[in-house]
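In full-length UniProt numbering, the protein residues as written are 1 to 61.
Written out as structure tokens, the structure is:
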């Protein structure tokens, strides 16, 4: 079933793309927070909590 395979491949490509974007945003957040901690200390970060792997919902699951 070529049409079904094509749609499945397209969906998988989209899921991988979104997953890559999530990973990039998480990395950017962690880096920015690390800089904030270096400048202000842990107390100065206020509402910006450390991001844990469990905080990020996996797209694949």
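Cβ coordinates follow ideal geometry from the N, Cα and C atoms, glycine included.
So the candidates are the options; which of them puts its Cα closest to the Cα of residue i?
| i | options | result |
| --- | --- | --- |
| residue 57 | 42, 41 and 26 | 26 |
| residue 53 | 22, 41 and 10 | 22 |
Between residue i and residue j, what straight-line distance do the alpha-carbon atoms span, to the nearest angstrom?
| i | j | result |
| --- | --- | --- |
| residue 51 | residue 29 | 8 angstroms |
| residue 43 | residue 55 | 21 angstroms |
| residue 17 | residue 8 | 14 angstroms |
| residue 62 | residue 24 | Here the chain has residues from 1 to 61 only, and residue 62 is not among them. |
| residue 10 | residue 20 | 15 angstroms |
Once you ignore the five residues that flank residue i on each side, which residues in its own chain have a CB closer than 7 angstroms to its CB?
| i | result |
| --- | --- |
| residue 45 | 33, 36 and 37 |
| residue 14 | none |
Helix or strand or just coil, what does DSSP make of residue i?
| i | result |
| --- | --- |
| residue 47 | coil |
| residue 56 | coil |
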